[in-house]
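Colleague: First the structure, then my questions, so here it is.
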Amino acid sequence: MKNAVVFIGRCVLAGLLVVLPIYLALLLLLKGMASAGQLVRPFTRLLPESLPAQEILSVLLVLVVCFVLGLAVRTRLGRAARGRLETSVFGRIPGYELLRNLTLQVAGEKNDGIWKPALVEIEEALVPGFIIEAFEDGRYTVFVPSVPTPFAGAVYVLDGPRVHPIDVPFTQAVKVITKWGSGARELVLAMESARGRDGAPAAAPGER
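The sequence shown begins at 1 in the UniProt record's numbering and counts up one residue at a time.
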């Protein structure tokens, strides 16, 4: 009975981790559209009455604002302003740092190795995971997802030789997890290729 309750709880939590970001994004979009609707109302007369002019123009305005902000934060002044906001305001919001790191990874931006895909040695197997932080003594904090939910799993602190960073996109590693391991061969090949470039032989899991 206890195992069933734990299993159900984990499934509910995993579902929330998938649904919550989508829900928040839609909520923000609808809120932005409602605010933009007041601004675009005078321009709705330019479109045919058969079209939902206010909704269309509201969405376009929200997308344009997001695009302009995206361009702005890529400038030196924009990066500095974003850094101050993240430190003084957004960094105090629970979960913001996690969502920020995930967003940067999905967007393909480098983020100091945070959430870097890796293959980690758990017992006698290689397991897909993500590097969360690196210790000064060479150890790593690693997050190992539960299949097929990439953002629910377990956290391990492992010695450096048991963690093998791989040079693949974050989205590729996530896709392997969501597809029940399909595509893991490419992750192993990336690990072996990195070993070859470093001049080290590809060791089997558990070997030192």
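For every residue, glycine included, the Cβ atom is placed at its ideal position computed from N, Cα and C.
None of the values given here were measured: they were computed from a predicted structure.
1) Report the rounded CA-to-CA distance for Ala154 versus Asp167, giving the unit in angstroms.
2) What number of angstroms, rounded off, separates the C-alpha of Val176 from the C-alpha of Leu158?
3) Identify, in the order they occur along the chain, each residue of the same chain with its Cβ nearer than 6 Å to the Cβ of Met191, setting aside the five sequence neighbours on each side.
4) Less than 8 Å between the C-beta atoms of Ala36 and Leu61, yes or no?
5) Put Ala203 into one of helix, strand or coil per three-state DSSP.
6) Quick one: grab the DSSP three-state call for Glu121.
7) Under three-state DSSP, which class holds Val144?
8) Secondary structure at Arg208, three-state DSSP: helix, strand or coil?
9) Phe151 by DSSP, collapsed to three states: which one?
10) Going by beta carbon distance, what residues of the same chain come within less than 6 Å of Lys116, once the five residues before and after it are set aside?
11) Can you grab the Cα-Cα spacing for the pair Ala72 / Gln172, in whole Å?
12) Output the boundary residues of the alpha helix (DSSP H) element that contains Val174.
13) Contact defined as beta carbons within less than 8 Å: I believe Phe143 pairs with Gly129. What is the distance between those atoms, to the nearest angstrom?
14) Count the other C-beta atoms from every protein chain shown that fall within 10 angstroms of the C-beta of Ala204, then say buried if there are 16 or more, exposed otherwise.
15) Looking at Pro148 and Val174, is the spacing between their C-beta atoms short of 8 Å?
16) Closer than 6 Å by C-beta to Ser146: which residues in its own chain qualify, once you throw out the five before and the five after it? Chain order, please.
17) Grab the span of the beta strand (DSSP E) containing Pro165 for me, first residue to last.
Modeller: With the given structure in hand:
1) By one-based count along the sequence shown, residue 154 stands at place 154. By one-based count along the sequence shown, residue 167 stands at place 167. Whole-angstrom Cα-Cα distance: 22 Å.
2) Within the sequence shown, the letter at position 176 stands for residue 176. Within the sequence shown, the letter at position 158 stands for residue 158. One C-alpha to the other measures close to 22 Å.
3) For the purposes of this step, residue 191 is identified with residue 191 of the sequence shown, where counting begins at 1. Within the same chain, Met191 has close Cβ partners Leu119, His164, Ile166.
4) Residue 36 sits at position 36 when you count from the first residue of the sequence shown. Residue 61 sits at position 61 when you count from the first residue of the sequence shown. Yes, these two residues count as a Cβ contact at 8 Å.
5) Here residue 203 refers to the residue found at position 203 when the sequence shown is read from its first residue. Confidence is the limiting factor: at Ala203 the pLDDT is only 49, short of 50, which leaves the residue's position unreliable, though a coordinate-based value still follows. Correct three-state label for Ala203: coil.
6) By 1-based counting over the sequence shown, the position of residue 121 is 121. Three-state result, Glu121: strand.
7) For the purposes of this step, residue 144 is identified with residue 144 of the sequence shown, where counting begins at 1. Here Val144 sits in strand by DSSP.
8) Start at 1 with the first residue of the sequence shown, and residue 208 comes out as number 208. Unreliable placement is indicated for Arg208, whose pLDDT of 44 sits below 50; the coordinate value is still reported in the next sentence. Collapsing the DSSP output to three states places Arg208 in coil.
9) Position 151 of the sequence shown holds residue 151. In the three-state DSSP reduction, Phe151 falls in the strand class (E or B).
10) Sequence index remark: in the sequence shown, residue 116 carries index 116 (1-based). Cβ neighbours of Lys116 beyond the five flanking positions: Ile131, Pro165.
11) Counting from 1 along the sequence shown, the entry for residue 72 is found at position 72. Counting from 1 along the sequence shown, the entry for residue 172 is found at position 172. So the alpha carbons of these two residues sit roughly 29 Å apart.
12) Taking the sequence shown and counting its residues from 1, one reaches residue 174 at position 174. Its alpha helix (DSSP H) spans residues 170 to 178.
13) Here residue 143 corresponds to residue number 143 of the sequence shown, with the count starting at 1. Here residue 129 corresponds to residue number 129 of the sequence shown, with the count starting at 1. At roughly 6 Å, the Cβ-Cβ gap stays under 8 Å, so Phe143 and Gly129 are in contact.
14) The sequence position of residue 204 within the sequence shown is 204, counting from 1. For Ala204, the predicted model reports a pLDDT of 48, less than 50, meaning its position is unreliable and no value from the coordinates is stated.
15) Here residue 174 is taken as the residue at index 174 of the sequence shown, counted from 1. Here residue 148 is taken as the residue at index 148 of the sequence shown, counted from 1. Cβ atoms of Val174 and Pro148: not closer than 8 Å.
16) Position 146 of the sequence shown, counted from the first residue, corresponds to residue 146. Taken in chain order, the residues that qualify are Ala152, Gly153.
17) Along the sequence shown, one-based indexing puts residue 165 at 165. Note, Pro165: beta strand (DSSP E), 163 to 165.
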